[in-house]
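Report on the structure given below.
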Amino acid sequence: NAGVTQTPKFRVLKTGQSMTLLCAQDMNHEYMYWYRQDPGMGLRLIHYSVGEGTTAKGEVPDGYNVSRLKKQNFLLGLESAAPSQTSVYFCASKNSDSYEQYFGPGTRLTVT
Amino acid sequence: AQRVTQPEKLLSVFKGAPVELKCNYSYSGSPELFWYVQYSRQRLQLLLRHISRESIKGFTADLNKGETSFHLKKPFAQEEDSAMYYCALVSGSSNTGKLIFGQGTTLQVKP
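In the order they appear, the protein sequences are chains D and E. With this note's numbering as the guide, the letters of the first sequence map in order to residues 61 to 172. With this note's numbering as the guide, the letters of the second sequence map in order to residues 2 to 112.
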């Protein structure tokens with residue numbers, strides 16, 4: 061049981077490049093979330109999903125897109141990376157009838 | 002506006018000293034609050050939920066609606082308590098499970 065996994069662990073992008081971060085969970089959780097963690101700002105919600113095929117905006121969605129084509133996967137896309145998107149990205153999931161979110165190990169992204 | 006504030010970026014104490022990590026929130030209605038912890042090289046994980054009112058690893062947290070606070074306390078800090086601690090509030094409808102996190106406090110327990 062791997063829990064929540066994230067791919068890749070690290071990535072360096074140039075401004076304007078695109079990439080997709082993959083989050084996978086093997087706990088059959090309905091809900092999934094993408095956060096970014098920045099020094100002094102805590103974790104901020106980017107997008108979330110309450111079920112397969114559904115997504116919604118969080119607190120800081122601009123510059124990101126997401127897709128939830130399969131229940132176990134939640135993809136976060138950056139179409140045109142900017143230095144302001146340099147951050148550590150965390151994915152989390154939870155059951156619809158539970159309160160605890162389970163987090164992945166994080167992806168450290170640097171945009172130069 | 003819904004908000005969580007952790008006023009201390011860093012809290013440094015000696016082993017055996019009492020610890021209090023502060024958390025204040027802004028929320029209209031009945032808040033649902035948590036403490037999450039991130040130990041070095043480990044994932045963020047749930048430490049406490051205010052409704053459960055239990056003690057985990059010697060930590061407790063009491064919801065004070067009058068002061069809109071949910072401070073995390075431990076009477077005697079241990080070196081293994083050193084970590085980043087986040088206070089979190091369920092945002093809006095609890096059906097989505099969205100969390101609003103505070104800025105985080107790094108707890109450093111010195112030997």
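The C-beta atom is built at its ideal place from N, Cα and C for all residues, glycine as well. Fair warning: this is a prediction, and the values are worked out from it, not measured in the lab.
Just so you know, the alpha carbons of Gly98(E) and Leu73(D) end up roughly 32 Å apart.
Taking 8 Å as the CB threshold, Gly164(D) lines the interface with chain E. The way I'd put it, the segment 100-111 of chain E does touch the segment 3-20 of chain E; three or more beta-carbon pairs between them come closer than 8 Å.
Using a CB distance cut-off of 8 Å, Gly111(D) does not count as an interface residue toward chain E.
Within chain D, the residues Tyr91, Tyr108, Val110, Ala116 have their CB atoms less than 8 Å from the CB of Thr97(E), given in chain order. Within chain D, no residue has its beta carbon less than 7 Å from that of Gln79(E); the closest one is some 23 Å off. In terms of Cβ geometry, Phe60(E) and Pro19(E) do not form a close pair [threshold 8 Å]. Only those residues of the segment 98-109 of chain E whose C-beta falls short of 9 Å from the nearest C-beta of chain D are listed: Gly98, Lys99, Leu100, Ile101, Phe102, Gly103, Gln104, Gly105. The C-beta of Gln3(E) comes no closer than 8 Å to any C-beta of chain D.
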